[in-house]
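Peer 1:
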Amino acid sequence: MRFSCKCYLQLAEELISCSKSPDLSTEAYFRSSISRSYYGLFLIARQVMESEGFICLRGSEAHKQVQDHFLNSDDNNYQLVGTELQDLRRQRNKADYNLNCIFTRGQAELAHQRAKNNFEYLSGLLSE
Numbered sequence: 501m502r503f504s505c506k507c508y509l510q511l512a513e514e515l516i517s518c519s520k521s522p523d524l525s526t527e528a529y530f531r532s533s534i535s536r537s538y539y540g541l542f543l544i545a546r547q548v549m550e551s552e553g554f555i556c557l558r559g560s561e562a563h564k565q566v567q568d569h570f571l572n573s574d575d576n577n578y579q580l581v582g583t584e585l586q587d588l589r590r591q592r593n594k595a596d597y598n599l600n601c602i603f604t605r606g607q608a609e610l611a612h613q614r615a616k617n618n619f620e621y622l623s624g625l626l627s628e
């Protein structure tokens, strides 16, 4: 059975909800939530792109390729998805690699909501 990228969005939400564990830094939950939110959106965007007949790269180049596919579209909704992918990827990179940045519950919740809204739009395209 194929892994559902929606699971990443569900995990992101759970990480925000259970971020009060005394065993781990609360910020680790927020950072992980931002990362999973981005990947949930990225993976479904890649699926949409592939469903349109495009061949997607694998590896780090795929992120830019998928962003550009949506950003360079004539469709305004696609352009919005591309902008969200671009912004959420920047946040994900900061969350994963920049230990000097501080991440809050509000940032994690906003990233999750933005990813979820765009995920729902793209899911609708796959079910058409």
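My numbering applies: residue 501 is where the sequence shown begins, and numbers increase by one. All residues carry an ideal CB built from backbone N, CA and C; glycine is no exception. Small disclaimer: the values here were computed from a predicted structure and weren't measured.
When the Cα atoms are used, what is the spatial distance from Q613 to N576?
Peer 2: The alpha-carbon separation between Q613 and N576 amounts to approximately 20 angstroms.
Peer 1: Restricting to Cα atoms, I'd like to know which of L557, F619, S537, C507 is closest to R590.
Peer 2: For R590, the closest C-alpha among the options L557, F619, S537, C507 is that of S537.
Peer 1: Any contact between the region 507-516 and the region 583-601? By contact I mean 3 or more CB pairs, one from each, below 8 angstroms.
Peer 2: no
Peer 1: Where does L599 sit, in a helix, a strand or coil, going by DSSP?
Peer 2: coil
Peer 1: Assign Y529 to buried or exposed, taking buried as 16 or more other Cβ atoms, counted over all protein chains shown, within 10 Å of its Cβ.
Peer 2: buried
Peer 1: Using alpha carbons as the reference points, say which of T604, E609, F570 lies closest to I544.
Peer 2: F570
Peer 1: Which one of K506, S535, F503 has the shortest CA to CA distance from A595?
Peer 2: S535
Peer 1: Helix, strand or coil: which one does DSSP assign to E584?
Peer 2: helix
Peer 1: Identify the continuous alpha helix (DSSP H) that holds G624 and give its terminal residues.
Peer 2: 605-626
Peer 1: What is the rounded straight-line gap between the Cα of C556 and the Cα of F542?
Peer 2: 12 angstroms
Peer 1: Can you round the beta-carbon distance between Y508 and G540 to whole angstroms, since I take them to be within the 8 angstroms contact cut?
Peer 2: 4 angstroms
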